[in-house]
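Worksheet: the structure to be examined is printed underneath.
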Amino acid sequence: MSTSVLSTRNLQKKFGQLVVARDISIDLPKGARYALIGPNGAGKTTLINLLTGMLAPDGGQVFLDEADITTLPPSERVKRGLVRTFQINTLFPNISPLEAVTLVVCERKGEAGTWWRGLPGYGASIEEAYETLKSIGLGDHVDRPTRQLAYGQQRLLEIALALATKPHVLLLDEPAAGVPKGESQELFTAIAGLSSDISILFIEHDMDVVFRFASRIIVMVSGGILVEGAPAEISADKRVHEVYLGSAHHA
Amino acid sequence: MIARQISLLFDGFAYGMLLFVLSIGLSVTLGMMNFVNLAHGAFAMIGGYVTVTLMQKAGWPFLATLPVAFLGAAVASVVLERVLYRRLYRATDLDQSLLTIGIVFVSIAAAAFIFGTTQQPIELPAYMRERIVIGDFSFGAYRLFLIVSALIITAVVVLGLDYTRFGAQIRACVDNQRMARGLGLNVDRIFMLTFAIGSGLAGLGGAMAIEIVGLDPNFGLKYLVFMLIVVAVGGLASIRGAFFTAAMLGIIDIFSKYYAPQVGSFVLYLVMVALLVWRPNGVFARR
Amino acid sequence: MTDTATPLYNPQDLMRAQVRWRMLETVFWVSALLPFFVAETYLVLCTQIAIAALFALSLDLLVGYSGIVSLGHAVYFGIGAYTAGLLAKYGWGEPLSGLLLAGLVAMLFGYLISFIMVRITHFALIMVTIGLCLLFEEFGNQAHDITGGHDGLQGVRMWRLFGTFRWDLYGFTAYAYSLVVVFLCFLVIRRIINSPFGLSLRGMRENARRMPAIGAPSKQRLQIVYTISATFAGIAGGLLAQTTQFVALDALSFQRSAEVLVMLVLGGAGRLYGGIIGSIIFLVARDQLASNNPQYWYFWLGLLLILVIIFLPNGILGGIAHLLSRRKKS
Numbered sequence: 000m001s002t003s004v005l006s007t008r009n010l011q012k013k014f015g016q017l018v019v020a021r022d023i024s025i026d027l028p029k030g031a032r033y034a035l036i037g038p039n040g041a042g043k044t045t046l047i048n049l050l051t052g053m054l055a056p057d058g059g060q061v062f063l064d065e066a067d068i069t070t071l072p073p074s075e076r077v078k079r080g081l082v083r084t085f086q087i088n089t090l091f092p093n094i095s096p097l098e099a100v101t102l103v104v105c106e107r108k109g110e111a112g113t114w115w116r117g118l119p120g121y122g123a124s125i126e127e128a129y130e131t132l133k134s135i136g137l138g139d140h141v142d143r144p145t146r147q148l149a150y151g152q153q154r155l156l157e158i159a160l161a162l163a164t165k166p167h168v169l170l171l172d173e174p175a176a177g178v179p180k181g182e183s184q185e186l187f188t189a190i191a192g193l194s195s196d197i198s199i200l201f202i203e204h205d206m207d208v209v210f211r212f213a214s215r216i217i218v219m220v221s222g223g224i225l226v227e228g229a230p231a232e233i234s235a236d237k238r239v240h241e242v243y244l245g246s247a248h249h250a
Numbered sequence: 000m001i002a003r004q005i006s007l008l009f010d011g012f013a014y015g016m017l018l019f020v021l022s023i024g025l026s027v028t029l030g031m032m033n034f035v036n037l038a039h040g041a042f043a044m045i046g047g048y049v050t051v052t053l054m055q056k057a058g059w060p061f062l063a064t065l066p067v068a069f070l071g072a073a074v075a076s077v078v079l080e081r082v083l084y085r086r087l088y089r090a091t092d093l094d095q096s097l098l099t100i101g102i103v104f105v106s107i108a109a110a111a112f113i114f115g116t117t118q119q120p121i122e123l124p125a126y127m128r129e130r131i132v133i134g135d136f137s138f139g140a141y142r143l144f145l146i147v148s149a150l151i152i153t154a155v156v157v158l159g160l161d162y163t164r165f166g167a168q169i170r171a172c173v174d175n176q177r178m179a180r181g182l183g184l185n186v187d188r189i190f191m192l193t194f195a196i197g198s199g200l201a202g203l204g205g206a207m208a209i210e211i212v213g214l215d216p217n218f219g220l221k222y223l224v225f226m227l228i229v230v231a232v233g234g235l236a237s238i239r240g241a242f243f244t245a246a247m248l249g250i251i252d253i254f255s256k257y258y259a260p261q262v263g264s265f266v267l268y269l270v271m272v273a274l275l276v277w278r279p280n281g282v283f284a285r286r
Numbered sequence: 000m001t002d003t004a005t006p007l008y009n010p011q012d013l014m015r016a017q018v019r020w021r022m023l024e025t026v027f028w029v030s031a032l033l034p035f036f037v038a039e040t041y042l043v044l045c046t047q048i049a050i051a052a053l054f055a056l057s058l059d060l061l062v063g064y065s066g067i068v069s070l071g072h073a074v075y076f077g078i079g080a081y082t083a084g085l086l087a088k089y090g091w092g093e094p095l096s097g098l099l100l101a102g103l104v105a106m107l108f109g110y111l112i113s114f115i116m117v118r119i120t121h122f123a124l125i126m127v128t129i130g131l132c133l134l135f136e137e138f139g140n141q142a143h144d145i146t147g148g149h150d151g152l153q154g155v156r157m158w159r160l161f162g163t164f165r166w167d168l169y170g171f172t173a174y175a176y177s178l179v180v181v182f183l184c185f186l187v188i189r190r191i192i193n194s195p196f197g198l199s200l201r202g203m204r205e206n207a208r209r210m211p212a213i214g215a216p217s218k219q220r221l222q223i224v225y226t227i228s229a230t231f232a233g234i235a236g237g238l239l240a241q242t243t244q245f246v247a248l249d250a251l252s253f254q255r256s257a258e259v260l261v262m263l264v265l266g267g268a269g270r271l272y273g274g275i276i277g278s279i280i281f282l283v284a285r286d287q288l289a290s291n292n293p294q295y296w297y298f299w300l301g302l303l304l305i306l307v308i309i310f311l312p313n314g315i316l317g318g319i320a321h322l323l324s325r326r327k328k329s
């Protein structure tokens, strides 16, 4: 798989007796729109934590652009373009979206370590942050404290923070969690419209959304990968129906 | 020579047991509610002053004052819990620390105002002041009393936690508060009672400590450090950890005071910082 | 709320407005000169306030802006004080270079200790900061031959400031010197807070978990801010040693660590002027209340602390800001 931007080989993780990642090997090609699905507790978020370095695996390896990044700290992986969002809003409640995104841009450009120059001196970074916010539809809400934003706007900011790092692999952990169904379609349309230079793996429970936006689907069950395939293959797969689709997808 | 060391070991263990009684409540409440209660020492001080007052003013015998010391500290802690602590259960570590430091400061001033700043003497009954001699070495009867009391308290606490219904409820709350709430346990009430018992034990410890370390308005601050060491090194809500840490702490303290008095508490603090950096959750922590 | 229909944001202006030097700030610093003319007998108190304000500001970088608790910040204050005091005692009484060295030595200690601090969080962090403070205090006590132990460091002799100004009995020179140093440090700290680095500190305070996910090397940042904070605390300590020509063991104590935290929380942490306002109120109150009986000062201090934590969780400045924003809305 020489075209993989992100891949893993035999990832293992246990919490005590509980196996949360069992022999996980995946390959994400350039420009991918992959969905990661599975029942609650299947280990989807754990996999994202392992990929981004927020959890250390007990065994196996993670490769980004064919380099072994298994032992790199999370912030280094972000610098190399592997970025995630969070299922539960993980934002900066008392600073404004503009400040938050500016911070991300400054981090990316290596400006965030400077303490002897005031923020207004970084006009380009501020403008870029503003453009990022506008592009995702938050242009009207840049200077209120984040905690005052509506929930849906906070979900968008969650993604804006990730985008501002200029990722080339983006891991979205239920980006539409808690968002009403109509809005979640909108949100995924925005995600689908992202540059094809960005490879995306997203976790999602809404099967309509998954089948509409994913080019390929990975199904996880109790820490392991059950099956991986194109949407048509997955919807035809008996095992998937048994563990998962049986209840969620009546069509 | 050996006899001397055995005596020191004995004294150190007795001192450690005193620290254990003083600290055990703090360990449980910190582990259970995640509340940084730096005023735990102030409750111990209340127990001490209850005993002093009853003995000096009312002529009570020492042993009879102990249950009252327990009760006094327990009641005071419940009042403070109702009025102040519960407002801050969701607050930051810092706010909790500051509120309880505030309580310590007030308690220092109040004690100084009521009892004066001098050490409070008490007269133990004769049989507690005796020295028991066995062969080559001798030890104080009061220290034996401390050890026996602490062992009884440990047994009661451990058995109570393991075998009573209330103990099971406490363990459930320590392990997973949300789950406990979900199961319909009245977590607030369980905490209040645990808190009262823990503070009561501190009060008991404060009363028993007078003979060993004395009692003055600064007691709550002076011994807070020892209590925190026991809790921090022993691991939150770990009775076993607190027991071993307290015993070791007492022995180390007595030995270092005997053999290297010039070093003072320096070594103690150094060991504490080193242990905490090595194992931030406590040396005996379950995780 | 009126102009949301056609929002024409200029993002750079928004950011500039955040860091703009306000009129009120000029008023504040100019009025800091008033004691020279109207309160000559209080110049000593004013000097203490200026020093405490700098100490509180240094702590604010950690507690208010980065969200790291420290109950042992007096370590660096004390190190700065002893550095400046010992230098002057053993033959180098030049104030400015002495103060610089006080800051540098504290900076070195801050840097070394920061390796410990970034490894731990929460309760363990509180404990370790208390433990380190007690450790240094005990060391200062044991090293009696060098520090004078509980008797304090005697025989500190400062040379004239710039070789010209005598350290007069009223404290004119001391206050002028302290005020200028504190003001310059304030400007530096203000700049740090308004820099990208300062923004990343606030990011850590607001959500330490998110920081690595946006590519921020949090541990490194924490070490830097810890070192910076220690430096300013050391300068504050150095100022105290130089202006009083004495160092008490109390400079290293847990009580002093707690006091500075009280000042900061009283005024409002994370608000630049919080520590300054807090130290003014705290020291003026102590001057009034503790003169009769120092024991009872603890009563007022404790009560104040309890009231502020319960009723003004964001300090006095936070309370004022809250009132103002409510009035704006209605």
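Protein sequences appear in the order of chains A, B and C.
Start counting the first sequence at 0; every next residue gets the next number (numbering that gives the first Met the number 0).
Start counting the second sequence at 0; every next residue gets the next number (numbering that gives the first Met the number 0).
Start counting the third sequence at 0; every next residue gets the next number (numbering that gives the first Met the number 0).
C-beta: ideal position from N, C-alpha, C; glycine also.
Since the model is a prediction, treat every value here as computed from it, not as a measurement.
- Task: Determine which residues of the segment 76-89 of chain C have a Cβ less than 7 angstroms from any Cβ of chain B, and write them out in chain order.
- Result: Closer than 7 angstroms at the C-beta level to chain B, one finds no residue of the segment 76-89 of chain C.
- Message: Under 8 angstroms, Cβ to Cβ, is there at least one residue of chain C near R286 (chain B)?
- Response: For R286 (chain B), the predicted structure reports a pLDDT of 44, less than 50, and the residue's modelled location is therefore unreliable. A value from the coordinates is still provided. At a cut-off of 8 angstroms, the C-beta of R286 (chain B) has no neighbouring C-beta in chain C.
- Message: Whether or not the segment 190-203 of chain B and the segment 67-78 of chain B are in contact is what I'm after, with contact meaning three or more pairs of Cβ atoms, one per stretch, closer than 8 angstroms; do they touch?
- Response: Yes, the segment 67-78 of chain B is in contact with the segment 190-203 of chain B.
- Query: Based on the DSSP output, what are the partners of R201 (chain C) in its beta bridges?
  - Reply: BP columns for R201 (chain C) are empty, so no partner.
- Which residues of chain B have a Cβ atom closer than 8 angstroms to the Cβ of F138 (chain C), listed in chain order? Against chain B, a Cβ distance below 8 angstroms from F138 (chain C) picks out F265.
- Task: Check the Cβ of N193 (chain C) against every Cβ in chain A and list those closer than 7 angstroms, keeping chain order.
- Result: What N193 (chain C) touches in chain A: G117 and L118.
- Buried or exposed: which applies to Q147 (chain A), given that a residue is buried once 16 or more other Cβ atoms fall within 10 Å of its Cβ? By the neighbour-count rule (16 or more Cβ atoms within 10 Å), Q147 (chain A) is not buried but exposed.
- Message: Under 9 angstroms, CB to CB, which of the residues in the segment 82-93 of chain A have a partner in chain C?
- Response: Among the residues of the segment 82-93 of chain A, those with a Cβ less than 9 angstroms away from any Cβ of chain C are V82, R83, T84, F85, T89, L90, F91, P92 and N93, in the order of the chain.
- Does the beta carbon of N206 (chain C) come closer than 8 angstroms to any beta carbon on chain A? Cβ-Cβ to chain A under 8 angstroms: yes for N206 (chain C).
- Message: Give me the chain A residues within the contact set of G266 (chain C), using Cβ-Cβ distance strictly less than 9 angstroms, ordered along the chain.
- Response: Near G266 (chain C) there are no residues of chain A at all, since even the closest Cβ is about 18 angstroms away, more than 9 angstroms.
- So with Cβ pairs under 8 angstroms, would you call V321 (chain A) a contact of chain C? Examination of residue 321 (chain A) is not possible in this model, given that chain A is present from 0 through 250 alone.
- Task: Report the residue from A:L35, A:L10, A:F85 and A:G117 whose alpha carbon sits nearest the alpha carbon of D67 (chain A).
- Result: Comparing alpha-carbon positions, the option among A:L35, A:L10, A:F85 and A:G117 lying closest to D67 (chain A) turns out to be A:L10.
- Task: Taking E75 (chain A) as the reference, give the member of C:R159, C:Q219, C:L251 and C:V26 with the closest Cα.
- Result: Looking at the Cα atoms, C:Q219 is the closest of the given residues.
- Message: Which residue wins for smallest C-alpha separation from M106 (chain C), given the options C:K88, C:A80 and C:I119?
- Response: The shortest CA-to-CA distance from M106 (chain C) to any of C:K88, C:A80 and C:I119 is the one to C:A80.
- Residues bridged to L270 (chain A) [DSSP beta-bridge criterion]: Summary: the structure shown does not reach residue 270 (chain A), with chain A confined to residues 0 through 250, and so no result is reported for it.
- Query: Roughly how far, in whole angstroms, is the beta-carbon of S95 (chain A) from the beta-carbon of P38 (chain A), given that I think they are within contact range, below 8 angstroms?
  - Reply: Between S95 (chain A) and P38 (chain A) a beta carbon distance of about 38 angstroms is seen, past the 8 angstroms cut, so the two are scored as non-contacting.
- Message: Determine, for D94 (chain B), whether the minimum Cβ-Cβ distance to residues of chain C falls below 8 angstroms.
- Response: Yes, because at least one Cβ of chain C sits closer than 8 angstroms to the Cβ of D94 (chain B).
- Message: Output needed for G166 (chain B): all residues of its chain with C-beta closer than 7 angstroms, excluding positions within five of it in sequence on either side, in chain order.
- Response: The residues are G159 and L160.
- Item | Ordered list of alpha helix (DSSP H) runs contained in the segment 30-59 of chain A, each at least 4 residues | You should have 43-51.
- Cβ neighbour criterion (16 or more within 10 Å) applied to D59 (chain C): For D59 (chain C), the number of other beta carbons within 10 angstroms of its own is at least 16, and it is reported as buried.
- Item | Segment contact, 8 angstroms Cβ cut-off, at least three pairs: the segment 98-106 of chain A with the segment 201-216 of chain C | Result yes; three or more Cβ-Cβ pairs closer than 8 angstroms.
- Task: Report yes or no: do three or more beta-carbon pairs, one from the segment 175-195 of chain C and one from the segment 49-64 of chain A, lie closer than 8 angstroms?
- Result: Not touching, per the Cβ criterion.
- Distance between S65 (chain C) and T117 (chain B) (C-alpha atoms, nearest Å): Near 43 angstroms, if we compare the C-alpha coordinates of S65 (chain C) and T117 (chain B).
- Query: Who are the near neighbours of L42 (chain C) in its chain, counting only those whose CB is closer than 8 angstroms to its CB and skipping five residues on each side?
  - Reply: Excluding its 5 nearest sequence neighbours in each direction, L42 (chain C) has C-beta neighbours in its own chain below 8 angstroms: P34, F35, Y169, G170, F171, A173 and Y174, listed in chain order.
- Query: What residues from chain B crowd round G301 (chain C), counting only those whose CB sits closer than 8 angstroms?
  - Reply: Contact of G301 (chain C) with chain B by beta-carbon distance below 8 angstroms involves I100, G101, I102, V103, F104, V105, S106, I107 and A108.
- Alpha-carbon spacing of L238 (chain C) relative to L98 (chain C), whole angstroms: Approximately 7 angstroms between the Cα atoms of the pair.
- Would you call the CB atoms of G197 (chain B) and V35 (chain B) closer than 8 angstroms? Pairing G197 (chain B) with V35 (chain B) gives a Cβ-Cβ distance that is not under 8 angstroms.
- Item | chain A contact for P216 (chain C) (CB, 8 angstroms cutoff) | Under the 8 angstroms criterion on CB atoms, P216 (chain C) is classed as interfacial with respect to chain A.
- Pairwise C-alpha distance: I223 (chain C) and A229 (chain C): So the two alpha carbons sit approximately 10 angstroms from each other.
- Bounding residues of the alpha helix (DSSP H) (the contiguous stretch that carries S256 (chain C)): Boundaries of the alpha helix (DSSP H) around S256 (chain C): F253 to G266.
- Hey, would you say the C-beta of T226 (chain C) is under 7 angstroms away from at least one heavy atom of the ligand PLP? For the structure depicted, the ligand PLP is absent and the ligand set is empty, with no information on it obtainable.
- Query: So, helix, strand or coil for V61 (chain A), using DSSP?
  - Reply: DSSP places V61 (chain A) in strand when its eight states are reduced to three.
- Are the C-beta atoms of R107 (chain A) and some chain C residue less than 8 angstroms apart? For R107 (chain A), the answer is yes, since a Cβ of chain C falls inside 8 angstroms of its Cβ.
- Query: What are the start and end residues of the alpha helix (DSSP H) that includes G139 (chain B)?
  - Reply: Judged by DSSP secondary structure, G139 (chain B) falls outside any alpha helix (DSSP H) and instead within the beta strand (DSSP E) spanning F136 to G139.
- I121 (chain B), enclosing beta strand (DSSP E) - first and last residue: Per DSSP, I121 (chain B) belongs to no beta strand (DSSP E) and is neither H nor E.
- Message: Please state whether the Cβ-Cβ distance between T163 (chain C) and L248 (chain C) is less than 8 angstroms.
- Response: Taking 8 angstroms as the cut-off, the Cβ atoms of T163 (chain C) and L248 (chain C) do not count as close.
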